[in-house]
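Read through the structure below, which is laid out as structure tokens, and then see the notes.
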């Protein structure tokens, strides 16, 4: 799709890493076309580990893992912050110069702009190691709810399935997810270090996740709507259908989680009966901490749904 000269697609990056300069989107596209199905193997192993792990831990004491958890959250926070800094400028540049239609329908963020292309590739691959979030939940004997593992599985399968198509709305998916993860993992890194953070911050993070799902559903619909009208837009019917189902299901689950955590009678009672730090540990990421565990905050107990 040659809308304009390619050099106009890229923002003015003041610095480019050598590995960004060497990024070749044709190679990563070919690799994913050949190996995307391995994501199903990762999901199968993930399911066996988490549910087998729960059975194994049922009669054993929970691990604290505070230092390891702090390292984990800090690493993912830094990764997400860097990803945001390398991809968001491209989205803002495209919006300002070429408009919303281009941002949703043209995959220049992969095909032309090397920094955002590289970090989109890293985003796709990162969905495998991020499954480790659930391992912490299992080993620390937290309450693993459907939203958490459903989200991990479907995001992994969807990102790996659609990468080789260069799905244009993925520009929005990637940037939003990096940004939300920057906040979320930073929050959990501070929590695992023992900092007390007001529950309003947890509510804000959950709200940002819900907004992410609304925007994700809209840009997916918009992209396919433009294509169905005959406009050039890089999205397939299968991807649009799967994307809408995925984002709408996330919206429903996150909204229900938000309500049950903050506005239902049981949720309000739980918040009143705990300290502010304990309350924040029970929200934002889809698996509530066990209320009877007194040292949940000190151990950095929380769970994650991205």
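Numbering (our numbering), first residue to last: 2 to 307. We treat Cβ as the ideally placed atom computed from N, Cα and C, and that holds for glycine.
Would the beta-carbon of residue i fall within 9 Å of that of residue j?
{"i": "residue 248", "j": "residue 221", "result": "yes"}
{"i": "residue 252", "j": "residue 179", "result": "no"}
{"i": "residue 89", "j": "residue 176", "result": "yes"}
{"i": "residue 50", "j": "residue 136", "result": "yes"}
{"i": "residue 95", "j": "residue 119", "result": "no"}
{"i": "residue 140", "j": "residue 195", "result": "no"}
{"i": "residue 165", "j": "residue 30", "result": "yes"}
{"i": "residue 78", "j": "residue 183", "result": "yes"}
{"i": "residue 153", "j": "residue 134", "result": "yes"}
{"i": "residue 105", "j": "residue 169", "result": "yes"}
{"i": "residue 187", "j": "residue 74", "result": "yes"}
Give the secondary structure of residue i by DSSP, where H, G and I count as helix, E and B as strand, and everything else as coil.
{"i": "residue 176", "result": "helix"}
{"i": "residue 19", "result": "helix"}
{"i": "residue 79", "result": "helix"}
{"i": "residue 167", "result": "coil"}
{"i": "residue 246", "result": "helix"}
{"i": "residue 218", "result": "helix"}
{"i": "residue 189", "result": "helix"}
{"i": "residue 115", "result": "helix"}
{"i": "residue 183", "result": "helix"}
{"i": "residue 13", "result": "coil"}
{"i": "residue 146", "result": "coil"}
{"i": "residue 237", "result": "coil"}
{"i": "residue 55", "result": "helix"}
{"i": "residue 66", "result": "coil"}
Apply the 10 Å Cβ neighbour rule to residue i and answer buried if 16 or more other Cβ atoms are within range, or exposed otherwise.
{"i": "residue 46", "result": "exposed"}
{"i": "residue 235", "result": "buried"}
{"i": "residue 158", "result": "buried"}
{"i": "residue 208", "result": "exposed"}
{"i": "residue 217", "result": "buried"}
{"i": "residue 185", "result": "buried"}
{"i": "residue 143", "result": "buried"}
{"i": "residue 203", "result": "buried"}
{"i": "residue 192", "result": "buried"}
{"i": "residue 100", "result": "exposed"}
By alpha-carbon positions, which one of the options ends up nearest to residue i?
{"i": "residue 117", "options": "206, 230, 172", "result": "172"}
{"i": "residue 148", "options": "261, 229, 242, 68", "result": "261"}
{"i": "residue 214", "options": "91, 78, 255", "result": "255"}
{"i": "residue 257", "options": "68, 75, 211", "result": "211"}
{"i": "residue 15", "options": "78, 230, 86", "result": "86"}
{"i": "residue 115", "options": "72, 101, 91", "result": "91"}
{"i": "residue 181", "options": "84, 239, 227", "result": "84"}
{"i": "residue 244", "options": "205, 174, 201", "result": "174"}
So residue i and residue j are in contact, right, with Cβ under 8 Å, and what is the actual spacing, rounded?
{"i": "residue 155", "j": "residue 128", "result": "With a Cβ gap of about 10 Å, residue 155 and residue 128 do not count as contacting."}
{"i": "residue 241", "j": "residue 219", "result": "No, residue 241 and residue 219 are not in contact; Cβ-Cβ is about 12 Å, not under 8 Å."}
{"i": "residue 112", "j": "residue 36", "result": "Their Cβ separation, rounded to whole angstroms, is 20 Å, which puts residue 112 and residue 36 out of contact at 8 Å."}
{"i": "residue 145", "j": "residue 138", "result": "5 Å"}
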